[in-house]
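Per numbering that gives the first Met the number 0, residue 0 is the first one in the sequence shown, and the count goes up by one each step. Glycine included, each C-beta is placed from N, C-alpha and C at the ideal position. Quick notes on the structure that follows.
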Amino acid sequence: MSRHSRTERSAKSNKLYPTSAVNQTLGEMGLPQIAYAEIHQLLDGQGIHRDDPRRPEMIQEFMARVDQIGIVTIGKKPEAAYQEVFMVKIPEDDLQIRLFTGETRREQGIFFFDFFSSRGKVPVNAPQGYFVEIVSPGGLAGRIPSVEATFGVNNPDPGMEKFTVVENALCRLTRPYKGPFLFKVPERNTPPAIVAQAVRVQ
């Protein structure tokens with residue numbers, strides 16, 4: 000088979016395959032259609048081509064990993080009119096930290112965040128040397144990896160990168176040539192959890 004024929008077949012498969020088997024798999028999982036494009040981007044980054052018959056299986060494995068960490072990490076970035084978006088201005092910097100809820104459920108107490116350019120009015124990936132750590136006393140501490148890196152995508156498309164953090168966490172931003180910057184994640188007005196009490200039986 001000629002190289003031209005293989006390319007032509009691949010292009011045809013790339014056009015048809017995602018809208019049939021893969022998107023059918025996503026629909027059966029109950030995912031909103033707005034999530035499809037981002038899942039395809041993540042799989043592209045892992046080298047699973049869109050005409051690869053393993054793609055539906057990879058999506059199932061991908062979503063199983065999401066279930067293990069207990070949060071939904073797939074969803075669009077917030078729209079301009081989105082109600083639950085918080086901005087944190089970074090001193091002496093063009094960037095802001097944008098916190099938003101995305102597709103997470105309120106009772107999970109999770110925020111997404113990304114870096115947002117004040118000048119360009121667009122999300123950007125974390126610049127070289129920028130990272131955020133949780134420093135809340137008594138809580139989980141350490142550097143926060145991006146959602147994409149967690150799923151094996153080390154070079155996400157520009158503006159695609161995002162992170163997750165628990166509400167009310169105290170965080171520290173580290174960046175080159177600047178002192179550390181502390182900020183606190185908002186706390187939502189969520190109903191209090193019902194805590195069951197242990198009962199002694201003997």
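Taking C-alpha positions only, GLU83 is separated from GLN127 by approximately 28 Å. Counting other Cβ atoms within 10 Å of its Cβ, GLU91 stays below 16 and is therefore classed as exposed. As DSSP reads the structure, ARG142 sits in a beta bridge with GLU132. By the neighbour-count definition (other C-beta atoms within 10 Å, threshold 16), MET159 is a buried residue.
By the 16-neighbour rule on beta-carbons within 10 angstroms, GLU147 is buried. Contact annotation: LEU98 and PHE112 have beta-carbon atoms nearer than 7 Å.
Taking C-alpha positions only, PHE150 is separated from VAL164 by approximately 16 Å. Bridge pairing for ARG97: MET86, ASP113 [DSSP].
Where PRO122 is concerned, the enclosing beta strand (DSSP E) starts and stops at 121–123.
Looking from the CA of GLU186, the closest CA among ASN124, GLY108, PRO55, MET86 belongs to GLY108.
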